[in-house]
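**Q** Dropping a structure here in structure tokens format, bear with me for questions.
Residue numbers (the working numbering): 22 to 477.
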């Protein structure tokens, strides 16, 4: 019986396809995470500010479109929307090597490509989180969370390292071809899923888009758990992406690291993500979900201070060590929070609540990237890294401002009076019926960052 429970998800074809497609896509996106800033720094000799602007462009659409996108996703079939986003991103990424081969590539094109793939990411990410509950059985929620986060970290480790190798062997521009190919793989996996989600329910008189958006925002702001987690995630993402925007420039210009080594050093942080996915469930079981999440945050955040201590020579290893411990805390908490949100949020508001949280959390990312670039240009790379990682070291105090400090476990049911979760979306694969599951999917899959951002 134990063995059957352990491998239940792996026996389900639809989950295997969803998992394989996203893992492959994450691998390609992390190649781009190395290749895109290297194209800017090495090929186009971009300034520190432009590198920060490039990172910001991928996330800026969350600020512009995130809230209405949540309402649209609640009204649209999710899988066709996700496929359209994949194919659009594929074409956009192919335009970069094409322009380079024609010797017409500019920083403006890189920023525009990053911006438009960011638009696709907004719709894909929200649709993905709402779609997952129709694929993953409820009883395998924690297992799904750990698998999704663990494979994301593994893909990050391989993708960042592979991106450096590809950049060193074939040129940074050609590394983008690998990411374009992974969008095709992800699309084929989505097309292979047999289960069909029910069409979104449409009332006879649909409310206005503004009312839909306001309802999701109101629920997120008024709920004490969602409010404190969203506030913390926003502040932390501002600081995380601020220092991440400087890492490639810091490695190349301060630590004198080659292109191939840049990828492997950045990939070292992903080891912590793998460990975080492994330890999240035992930590939550031993200490409780609320206390376990607080422990993961308070114990890991100060290790970010190792990053600005890196210097040429053996002490360059301090950078991936510090990043790895930070990633351990982020991923382990995301696993716990993902299960909490999917069970706790009213299902009929899930798209809009997801959008509200994501606009705050991911909307901080372009601001953080621009902040990092500006601080790097104004103060210098190392002082800017000290300032940003010091902020991370104390940011966990924000989690004590709400009800988390008084609880052992997070709530596992929607607030009283809310309707139950939606019924299964078609016949179940062997191993269990379809039902709600993890919302902590790879939401940063189209970014040019180097670590998993906070997901609320």
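Glycine included, every Cβ here is placed at the ideal spot set by N, Cα and C.
The alpha helix (DSSP H) that contains residue 427, what's its start and end?
**A** Premise fails: residue 427 is in no alpha helix (DSSP H) and is neither H nor E.
**Q** Taking C-alpha atoms, which residue in 76, 305, 401, 58 lies nearest to residue 196?
**A** For the residues 76, 305, 401, 58, the minimum Cα distance to residue 196 belongs to 58.
**Q** Work out the CA separation of residue 396 and residue 402 for me, nearest whole Å.
**A** Going by the C-alpha atoms only, they are around 8 Å apart.
**Q** Comparing C-alpha positions only, which one of 96, 64, 146 sits nearest to residue 122?
**A** The shortest Cα separation from residue 122 among 96, 64, 146 belongs to 64.
**Q** Any idea if residue 66 is buried or exposed, counting beta-carbon neighbours within 10 angstroms, 16 or more meaning buried?
**A** When all chains shown are included, residue 66 counts as exposed.
**Q** Smallest Cα separation from residue 404: which of 306, 120, 271, 297?
**A** Among 306, 120, 271, 297, the Cα nearest to that of residue 404 belongs to 271.
**Q** Can you find the residues in the same chain that come closer than 6 Å, C-beta to C-beta, to residue 275, ignoring five residues on each side of it along the sequence?
**A** Correct list, in chain order: 402.
**Q** Are the segment 361–374 and the segment 145–154 touching by the rule of at least three beta carbon pairs closer than 8 Å?
**A** Flag = yes, the segment 361–374 and the segment 145–154 touch.
**Q** Which two residues bound the contiguous alpha helix (DSSP H) that contains residue 317?
**A** 310–321 is the span of the alpha helix (DSSP H), which, as asked, contains residue 317.
**Q** Contact between the segment 301–316 and the segment 251–269 is defined here as three or more beta-carbon pairs at a separation below 8 Å; is this criterion met?
**A** These segments do not touch.
**Q** I need the boundaries of the alpha helix (DSSP H) containing residue 233, first residue and last residue.
**A** That run of the alpha helix (DSSP H) goes 230–243.
**Q** Have a look at 334, 326, 351 and flag the residue whose alpha-carbon is nearest the alpha-carbon of residue 300.
**A** Of 334, 326, 351, the residue nearest in Cα terms is 351.
**Q** Where does residue 210 sit, in a helix, a strand or coil, going by DSSP?
**A** Residue state, collapsed to three classes: helix.
**Q** Looking only at its chain, what residues have a beta carbon closer than 7 Å to the beta carbon of residue 99, apart from the 5 residues adjacent to it on each side?
**A** Result list for residue 99: 148, 151, 152, 218, in chain order.
**Q** Please state whether DSSP places residue 331 in a helix, a strand or coil.
**A** Here residue 331 sits in coil by DSSP.
**Q** Output the boundary residues of the alpha helix (DSSP H) element that contains residue 130.
**A** Where residue 130 is concerned, the enclosing alpha helix (DSSP H) stretches over 128–152.
**Q** Within 10 angstroms of the Cβ of residue 434, are there 16 or more other Cβ atoms? Answer buried if so, exposed if not.
**A** Exposed, since its Cβ has fewer than 16 Cβ neighbours within 10 Å.
**Q** Go ahead and label residue 40 buried or exposed: buried means 16 or more other beta carbons lie within 10 angstroms of its beta carbon, across all protein chains shown.
**A** Looking at its Cβ environment, which holds 16 or more other Cβ atoms inside 10 Å, residue 40 is buried.
**Q** Would residue 102 pass as a contact of residue 144 if the rule is Cβ separation under 7 Å?
**A** Yes, the pair counts as a contact, with Cβ atoms nearer than the cut-off.
**Q** With distances taken from CA atoms, which of 120, 84, 310 is nearest residue 136?
**A** Residue 136 has its Cα closest to that of 84, out of 120, 84, 310.
**Q** Between residue 399 and residue 261, what straight-line distance do the alpha-carbon atoms span, to the nearest angstrom?
**A** Taking the straight line from one Cα to the other gives about 19 Å.
**Q** Within 10 Å of its beta-carbon, does residue 442 have 16 or more other beta-carbons around it, so buried, or fewer, so exposed?
**A** In this predicted model, residue 442 has a pLDDT of only 42, less than 50, meaning its place in the structure is not dependable; the value taken from the coordinates is given anyway. It is buried - the Cβ of residue 442 has at least 16 other Cβ atoms within 10 Å.
**Q** When the Cα atoms are used, what is the spatial distance from residue 311 to residue 240?
**A** Going from the Cα of residue 311 to the Cα of residue 240 covers about 21 Å.
**Q** If you drop the 5 nearest sequence neighbours on each side, which residues of the same chain put their C-beta closer than 6 Å to that of residue 128?
**A** 65, 67, 71, listed in sequence order.
**Q** Compare the Cα-Cα distances from residue 45 to each of 78, 199, 90 and report the closest residue.
**A** Here the closest residue by C-alpha is 199.
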